[in-house]
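In this text, residue positions in the sequence shown follow this note's numbering: the first is 1, and each later residue adds one.
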Amino acid sequence: MEGARDFTWVQALGIRFGGHRLYLGVKRTVTWNSAVDRLTMAFDGVPVELDAAPAASWSLASVPALSVVRSGAATGVVVRLDGRFRIVANAVPVTEEDSRVHGYGLTADDSLAHLNVAFKFHSITADVHGVLGQTYRQDYVSAGVDMGAKIPVMGGAGKYQVSHIFGTDCEVTRFAGEGVLRDAAVDMIEEPADTMCGSGKGSAGLVCKK
Numbered sequence: 001m002e003g004a005r006d007f008t009w010v011q012a013l014g015i016r017f018g019g020h021r022l023y024l025g026v027k028r029t030v031t032w033n034s035a036v037d038r039l040t041m042a043f044d045g046v047p048v049e050l051d052a053a054p055a056a057s058w059s060l061a062s063v064p065a066l067s068v069v070r071s072g073a074a075t076g077v078v079v080r081l082d083g084r085f086r087i088v089a090n091a092v093p094v095t096e097e098d099s100r101v102h103g104y105g106l107t108a109d110d111s112l113a114h115l116n117v118a119f120k121f122h123s124i125t126a127d128v129h130g131v132l133g134q135t136y137r138q139d140y141v142s143a144g145v146d147m148g149a150k151i152p153v154m155g156g157a158g159k160y161q162v163s164h165i166f167g168t169d170c171e172v173t174r175f176a177g178e179g180v181l182r183d184a185a186v187d188m189i190e191e192p193a194d195t196m197c198g199s200g201k202g203s204a205g206l207v208c209k210k
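1. For ILE15, which residues of its own chain have a beta-carbon under 6 Å away from its beta-carbon, when the five flanking residues on both sides are left out?
2. With three or more beta-carbon pairs closer than 8 Å as the criterion, would you say the region 117-135 touches the region 98-106?
3. State the Cα-Cα distance for the pair PHE124 and LEU13, rounded to the nearest angstrom.
4. How far does the alpha helix (DSSP H) with HIS102 in it extend, from its first residue to its last?
5. With three or more C-beta pairs closer than 8 Å as the rule, is the region 17-37 touching the region 107-126?
6. Which same chain residues, not among the five before or five after CYS170, have their C-beta less than 7 Å away from its C-beta?
7. Just reading off the beta strand (DSSP E) that LYS120 is part of, what are its end residues?
8. What are the boundary residues of the beta strand (DSSP E) that LEU39 is part of?
9. Can you list, in chain order, the residues of its chain with a C-beta nearer than 7 Å to that of VAL211? Leave out the 5 residues immediately preceding and following it.
10. Tell me whether the beta-carbon of ALA42 lies closer than 8 Å to the beta-carbon of VAL48.
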């Protein structure tokens with residue numbers, strides 16, 4: 001008897017900066033159609049209205065450094081915060097073939113839509129942590145993850161759990177509070193490598209690559 005597996009994908013992103021909250025997620029989707037926008041976004045609790053057309057854009061005069069631009073497909077966007085980060089996000093489904101091969105349990109009433117994302121950070125603190133953040137540290141050593149395995153698994157999930165999508169209460173948090181000035185003596189990693197996270201073709205669950 002095969003045991004149940006908990007597949008992990010990026011279902012939504014919760015981004016905090018300057019006292020603001022940006023939410024980017026994927027709507028539950030029964031029948032997938034790449035021409036239909038399946039993204040849902042909100043800024044400080046107010047829905048972000050973005051036309052499902054190539055190069056359509058959204059920004060606010062009160063936060064000029066932030067912008068959201070449709071990347072071409074109805075299901076893709078590029079989120080920028082000048083001087084901080086760029087995030088490319090695309091909503092994608094699980095295909096019937098991937099479900100058959102990996103046993104995802106795809107059903108007729110849920111296409112298991114999720115996000116494939118690519119991150120570009122312009123600078124981060126040298127003691128950065130988190131599931132993805134720790135991989136940027138100079139002293140990072142993969143803790144028992146066999147990347148040659150068909151389904152590589154990283155343990156220790158409890159260290160990264162937060163109470164809600166905008167929560168900063170995980171065990172390894174580095175969040176000092178919004179409005180707190182960064183100490184000039186803190187070591188920084190300038191222009192860290194780009195990172196892409198997604199289900200990928202033939203992969204089981206979330207895979208991140210630099």
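Every residue, glycine too, gets a C-beta built ideally from N, C-alpha and C.
On the basis of the supplied data:
1. Leaving aside the five residues that flank ILE15 on each side, the residues in its chain whose CB is nearer than 6 Å to its CB run, in chain order, LEU22.
2. With the rule of 3 Cβ pairs closer than 8 Å, the region 117-135 does not count as touching the region 98-106.
3. It should be noted that the sequence gives Ile, not Phe, for residue 124. Taking the straight line from one Cα to the other gives about 18 Å.
4. From DSSP, the alpha helix (DSSP H) with HIS102 extends over 96-102.
5. Yes: at least three Cβ pairs fall under 8 Å.
6. Correct list, in chain order: LYS159, TYR160, GLN161 and VAL162.
7. Annotation: the continuous beta strand (DSSP E) that includes LYS120 extends over 114-121.
8. That run of the beta strand (DSSP E) goes 39-43.
9. Since the first residue of the chain shown is 1 and the last is 210, residue 211 is not available in this structure.
10. In this structure, VAL48 lies closer than 8 Å to ALA42 by Cβ.
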